[in-house]
Each structure stands twice: as structure tokens, then as C-alpha cells.
Amino acid sequence: MRILAGLMLLASSLGAYGAESTYQKVDFETDCSEVQSDETGGSWTCKGYGDYGISFAEGDLRQSAFYGHLGPWFEKGAFETFSGFNHAGDTIEWRLDGATPFATIRRWFVSPGTNDKGDPLPEVQVLVISKVGQKDARDACVVGYVEATANKDANALARKIADEEAHDFACRYAEAMWHGERRATGIEASSYFEDKAGVE
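Using mature numbering (1 follows the signal peptide of the UniProt record, and there is no 0), the letters of the sequence shown map in sequence onto residues -18 to -1, 1 to 182.
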């Protein structure tokens, strides 16, 4: 597993709060450190933006990622993913307030299952907007979802959600919502926190 040491500054985008974007290309093969693994998956820690790292996990052909500084809640098996088999894309968009990352946007590829004949349906692309854990609060989680294959301006919508909701989003208490149009059926988000309250 690898994350390229340099962040690829492919473009910048200004948001409602003057936020900007920087992009990181992820290669999962060489630059991450394994925490543990078994025949069903494992977990890794990876370089992110500055000292804001990435915690990545996989289990039962489903993946999960948290960003930034994490609290004790993470060690209790926190896992956010989708009901269907899925995998994360290799590019992370970090939303920055000055030099501080407060949110990420990442494309996920999710299987919606099979058709009536048992043939696999095409993967659905979903933009996952996540809150980045800060050194003081150490709160990180998914903030929202945008079905990229159903929304013409999916990236702009995802940035709007990141800029407007990530800062004050109450991880493990508030529920991450879908935004924009939804066309795919059989795609549901799944969230597990041992110490969560009121979130299914």
C-alpha cells in the first residue's frame, strides 16, 4: 500500500468559506504501514496531508477510511462503508481552510448487486465527504454522500457539503445524509461506532 509522498496539486477550488482544494494520489501498494491483517482484510495507517494521516481498513470486500487525528473511539472498531461490496478510489481531495484540512472528498465504487439473471450490475460511483479529525477534538467521520453517476455537478455539490457541514458536524451523533439525485437502488451506507448514540 502506498501514498505518494508529494501531494499532487492538480487544481484549486474556492468554496463558500474561501476553502481551497489540494489533491493526493494514493497508491495502496507500498507507502502505508500495516497495523494488522488476516484472510478477510486488515487495517493500515498512511501518510496524508502534513500530519493529518489516513486510517484505512478492509473487511469482507468492503473498505473504510478515516482522516486526521482520531480519538479513542476509533480503536473500538469504527467502520464506515456501504452495504454492497466496494472499494475506494485512489484520489483524495482535501478541503483546506488556510493550511488546515477540514474535510476530504473521495470517490467510492460500490456494487449494487445483481440483476434478475444473477449478472452483476455496473458499479455505482459515490462521492464520500468526510470530516477530518483535528488535534483538539479528534472527531472524524462521514458527513455526506453524493451519487456521482446521478448528478451532473457532483463534485461541486460535494464541495458545498464539505464547506457548509464538515466543521460543525457531530460525528457519531448526527447521521450522514445523501444529497442531490439518487438513481441507484440497493446502495445503502453502513456506519458502526461502538460508542455512537442515535445513529444506525
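Beta carbons: idealized from backbone N, C-alpha and C, even for Gly.
C-beta contact flag for residue i and residue j at 7 Å
i: Val125; j: Ile111; result: yes
i: Gly162; j: Asn137; result: no
i: Ala1; j: Arg77; result: yes
i: Thr27; j: Ser46; result: no
i: Glu40; j: Gly23; result: yes
i: Tyr5; j: Thr63; result: no
i: Gly53; j: Pro94; result: no
i: Val106; j: Thr86; result: no
i: Pro83; j: Tyr127; result: no
i: His51; j: Arg120; result: yes
i: Met96; j: Pro104; result: It should be noted that the sequence gives Thr, not Met, for residue 96. No.
Beta bridge counterpart(s) of residue i as assigned by DSSP
i: Asp79; result: Thr82
i: Tyr34; result: Tyr31
i: Arg88; result: Ile74 and Val110
i: Glu57; result: Paired residues: none, contrary to the question.
i: Glu11; result: DSSP, once it has assigned bridges, lists no residue as partnering Glu11.
i: Ala39; result: Ser25 and Ser46
N- and C-terminal bounds of the alpha helix (DSSP H) containing residue i
i: Ala140; result: Ala136 to Glu147
Delimiting residues of the beta strand (DSSP E) encompassing residue i
i: Arg44; result: Arg44 to Tyr49
i: Ala171; result: Ala171 to Tyr174
i: Trp160; result: Met159 to His161
i: Thr63; result: Phe61 to Phe64
i: Gly14; result: In the sequence on display, residue 14 carries Cys and not Gly. Cys14 to Asp20 is the span of the beta strand (DSSP E), which, as asked, contains Cys14.
Nearest-angstrom Cβ-Cβ length linking residue i and residue j, presumed shorter than 8 Å
i: Tyr49; j: Val108; result: Actually they are not in contact, since the Cβ atoms of Tyr49 and Val108 sit about 17 Å apart, beyond 8 Å.
i: Phe175; j: Arg141; result: About 26 Å separates the two Cβ atoms, so there is no contact after all.
i: Trp144; j: Ala158; result: In the sequence as presented, Trp is not what sits at residue 144; that position holds Ala. Between Ala158 and Ala144 the Cβ distance is about 12 Å, and since that is not below 8 Å, they are no contact.
i: Ser19; j: Phe38; result: Ser19 to Phe38, Cβ: 12 Å. No contact.
i: Glu57; j: Ser3; result: Not really, about 30 Å apart at Cβ, beyond 8 Å.
i: Ala156; j: Glu129; result: Going by Cβ atoms, the distance from Ala156 to Glu129 rounds to 20 Å, so no, they are not a contact pair.
i: Asp13; j: Lys29; result: 6 Å
What are the complete beta strand (DSSP E) segments, minimum 3 residues, inside the stretch 91 to 139? 106 to 113 and 123 to 129
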